[in-house]
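Colleague:
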Amino acid sequence: SFAALNFSSLQQFRYYYKLEGYDKEWINAEQRNYASYTNIPEGQYNFQVKYAKEANGNDALVASMQVAIKGPFWKSWWFMVSVLFLVVGIVYSLYRYRLAQMFQVFKIRQRIASDLHDDIGSALSNINILSELSRKSLHNPSQAQTFLERISEEVQSSGQSLDDIIWSVNLHNDTWPETFSRMRRYASEVFENSKIIYSIHLAEP
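Take 590 as the starting number for the sequence shown in my numbering and just add one per residue.
#1: Is there contact between the segment 734-742 and the segment 708-724, where contact requires at least three CB pairs shorter than 8 angstroms?
#2: What did DSSP end up calling residue 602 once you bin it into helix, strand or coil?
#3: If contact is defined by three or more beta carbon pairs under 8 angstroms, each pair taking one atom from either stretch, is the segment 602-613 in contact with the segment 631-641?
#4: So with Cβ pairs under 9 angstroms, would you call residue 730 a contact of chain D?
#5: Is it buried or exposed, residue 636, if we count other Cβ atoms within 10 angstroms and call 16 or more buried?
#6: Tell me which residue opens and which closes the alpha helix (DSSP H) that residue 640 is part of.
#7: Classify residue 712: buried if its beta carbon has 16 or more other beta carbons within 10 angstroms, exposed otherwise.
#8: Following the continuous alpha helix (DSSP H) through residue 693, name the residue where it begins and the one where it ends.
#9: Reducing DSSP to helix, strand and coil, say where residue 751 ends up.
#10: From which residue to which residue does the alpha helix (DSSP H) around residue 653 run?
#11: Nearest by alpha-carbon distance to residue 610: which of 746, 631, 773 and 747 is it?
#12: Among the residues of its own chain, which have a CB less than 7 angstroms from the CB of residue 703, if the five just before and after it don't count?
#13: Rounded to whole angstroms, how far is the Cβ of residue 789 from the Cβ of residue 773, which I believe are closer than 8 angstroms?
#14: To which residues does DSSP link residue 608 through a beta bridge?
#15: Grab the span of the beta strand (DSSP E) containing residue 616 for me, first residue to last.
#16: For residue 622, which of 734, 763, 593 and 754 has the nearest alpha-carbon?
#17: Short of 6 angstroms in beta carbon distance, which residues of its chain neighbour residue 666, apart from the five on each side in sequence? Order them along the chain.
#18: Among 608, 780, 620 and 689, which has the Cα closest to the Cα of residue 657?
#19: Is it buried or exposed for residue 769, if we count other Cβ within 10 angstroms and need 16 for buried?
#20: Quick check on DSSP: helix, strand or coil for residue 766?
Next up, the structure:
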């Protein structure tokens with residue numbers, strides 16, 4: 590809005606305004622004492638206005654004002670830099686997460702390999718030794734029978750160890766019901782041939 594301090598006849602004077610850098614020519618506003626703009630691009634502008642008779646419009650004094658139009662925040666450099674850092678941070682986090690997952694898989698594979706080497710490997714070595722002793726004891730059936738029973742026990746133990754390893758790496762068993770069922774089955778196997786009375790109590794999480 591603007592106003593001219595002129596008490597002459599209003600019918601003889603007109604308002605003219607122009608936004609340099611946006612308007613190409615002066616705009617005749619007649620008696621309207623305001624200017625309205627929409628969708629102006631960001632930048633620096635010089636708004637000019639004058640009040641003069643229509644015939645002498647070019648000779649009138651011009652009042653001016655500097656106008657700075659700011660663009661939307663998503664076009665500012667700091668927003669673009671922030672988005673860039675955010676994207677880089679997300680990509681880096683996904684990369685670190687992927688590395689962590691791969692490291693977890695590597696640890697699981699190492700543990701499985703170690704368990705297989707310790708349990709199954711040891712059992713197979715014992716079975717091999719017992720088999721050799723059984724072969725050499727064929728002339729003594731009772732001693733050979735003892736070695737064969739030991740071989741059967743080693744086979745059962747190896748099967749149990751292998752079953753434990755497979756159960757531990759199965760994601761379907763990562764639940765409380767499956768864990769509790771496994772605990773009950775293990776306890777029943779341990780105390781199967783004993784007179785011990787046992788019970789399992791789990792505190793609520």
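Even for Gly, the Cβ is constructed at its ideal location relative to N, Cα and C. A quick note: this is a predicted structure, and the numbers were derived from the prediction, not measured.
Modeller: Put simply:
#1: Contact between the segment 734-742 and the segment 708-724 is present: 3 or more CB-CB pairs across the two stretches fall below 8 angstroms.
#2: Indexing the sequence shown from 1 puts residue 602 at position 13. Here residue 602 sits in strand by DSSP.
#3: With the cut-off at 8 angstroms, the segment 631-641 and the segment 602-613 touch.
#4: Any reference to chain D falls outside this structure, which holds one protein chain only.
#5: Translated into positions along the sequence shown, residue 636 becomes position 47. Residue 636 comes out buried.
#6: Position 51 of the sequence shown, counted from the start, is the residue given in the question as residue 640. In the DSSP assignment, residue 640 falls outside any alpha helix (DSSP H) and lies within the beta strand (DSSP E) extending over 632-642.
#7: What you label residue 712 is simply residue 123 of the sequence shown in a count that begins at 1. By the Cβ-count criterion, residue 712 is buried, with 16 or more other Cβ atoms from all chains shown falling within 10 Å of its own Cβ.
#8: Position 104 of the sequence shown, counting from 1, holds the residue named residue 693. Taken as a continuous stretch (DSSP letters only), the alpha helix (DSSP H) holding residue 693 covers 666-704.
#9: Taking the first residue of the sequence shown as 1, we reach residue 751 at position 162. Looking at residue 751 - three-state DSSP - the assignment turns out to be helix.
#10: On the sequence shown, residue 653 is found 64 positions in, with the first residue counted as 1. From DSSP, residue 653 is part of no alpha helix (DSSP H) but of the beta strand (DSSP E) over 651-658.
#11: For the purposes of this step, residue 610 is identified with residue 21 of the sequence shown, where counting begins at 1. The shortest C-alpha separation from residue 610 is found at 631.
#12: Residue 703 sits at position 114 when you count from the first residue of the sequence shown. Sequence-distant Cβ neighbours of residue 703 in its own chain, meaning closer than 7 angstroms and more than five residues away, do not exist here.
#13: Here residue 789 is taken as the residue at index 200 of the sequence shown, counted from 1. Here residue 773 is taken as the residue at index 184 of the sequence shown, counted from 1. Right, the Cβ-Cβ distance comes to about 6 angstroms (below 8 angstroms), so this counts as a contact.
#14: Here residue 608 is taken as the residue at index 19 of the sequence shown, counted from 1. Note: residue 608 sits in a beta bridge opposite 636.
#15: The residue you call residue 616 lines up with position 27 of the sequence shown. Bounds of the beta strand (DSSP E) holding residue 616 are 616-619.
#16: Taking the first residue of the sequence shown as 1, we reach residue 622 at position 33. Per the C-alpha coordinates, the member of 734, 763, 593 and 754 positioned closest to residue 622 is 593.
#17: Counted from its first residue, the sequence shown places residue 666 at position 77. No residues qualify anywhere along the chain.
#18: Stepping through the sequence shown from its first residue, residue 657 is reached at position 68. When each option's Cα is compared against that of residue 657, the closest is 608.
#19: Position 180 of the sequence shown, counting from 1, holds the residue named residue 769. Counting other Cβ atoms within 10 Å of its Cβ, residue 769 stays below 16 and is therefore classed as exposed.
#20: The residue labelled residue 766 in the question sits at position 177 within the sequence shown. Helix at residue 766.
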